[in-house]
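Residue numbers (the numbering used here): 470 to 704. All C-beta atoms in this analysis are idealised placements derived from N, C-alpha and C, irrespective of residue type, glycine included. What you are looking at is a predicted structure, and each value in this text was computed from that prediction instead of being measured.
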């Protein structure tokens, strides 16, 4: 499996705090069959989660060295989980934030609760500039839980959906579990990720994969867990 969404880069958001935390998480993911991980620290304007691309690249290099020394058989790539903002294009141009592995794909997050009335316009503007949008965990947004047509409209707009593995086993809340099942049934999910923030019971990943196998054929499961995220990494 290729994990497109994680908070493992240490000390810059609400994920791993130290290199030791990062290595423990990566070791656990590797033991669950994950071969590649995209590091997607939060970038949220006007908060403390604003570590720059240059700073993240230095941290990534340090982490890569530690992974090699620890003999963990996993590859890592750099990106950001970018909170919706009108300045996203400018932040990219100023090299403040990172697309996924230097491609034209962006992992974008919306507000969990409440409304953001013009997010469709922001996403469309980014698409018109040549960016491909991957919406992080759409099943978790309250607005989407309340109005499924919003997700259908985004899908029609060409937005790709990345859902969290934990949603299918109730790691979040009942509405998220219900919505991810609907998205699976309608075959709207492009890929899955762990969205992992800290060391936890890694067997949850195996449980989630087993649950997904009840909804997808072997070929479809390979697509959403490996082939589609690989296509993103390779642009």
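Using C-beta distances below 7 Å, list every residue in its chain close to residue i, excluding the 5 sequence neighbours before and after it, in chain order.
i: residue 653; result: 684
i: residue 501; result: 671, 674, 675
i: residue 597; result: none
Spatial neighbours of residue i within its chain, please: CB distance less than 8 Å, with the 5 preceding and 5 following residues excluded, ordered by chain position.
i: residue 487; result: 479, 480
i: residue 564; result: 521, 522, 523
i: residue 542; result: 499, 504
Alpha carbons only, please: which of the options is nearest the one belonging to residue i?
i: residue 476; options: 646, 639, 605, 655; result: 605
i: residue 608; options: 593, 542, 633, 504; result: 633
i: residue 519; options: 658, 566, 497, 664; result: 566
i: residue 574; options: 630, 621, 516, 531; result: 630
i: residue 702; options: 534, 547, 490; result: 547
i: residue 545; options: 583, 637, 509; result: 509
i: residue 568; options: 539, 525, 590, 538; result: 525
What three-state label does DSSP hand residue i in the structure shown?
i: residue 620; result: helix
i: residue 476; result: coil
i: residue 442; result: Summary: the structure shown does not reach residue 442, with the chain confined to residues 470 through 704, and so no result is reported for it.
i: residue 547; result: strand
i: residue 553; result: coil
i: residue 508; result: strand
Between residue i and residue j, which are expected to be in contact by the criterion C-beta below 8 Å, what is the C-beta distance as a whole number of angstroms?
i: residue 552; j: residue 514; result: 7 Å
i: residue 595; j: residue 557; result: 6 Å
i: residue 577; j: residue 602; result: 6 Å
If you drop the 5 nearest sequence neighbours on each side, which residues of the same chain put their C-beta closer than 6 Å to that of residue i?
i: residue 698; result: 471, 473, 660
Could you confirm whether any beta carbon from chain C is found closer than 8 Å to the beta carbon of residue i?
i: residue 608; result: Any reference to chain C falls outside this structure, which holds one protein chain only.
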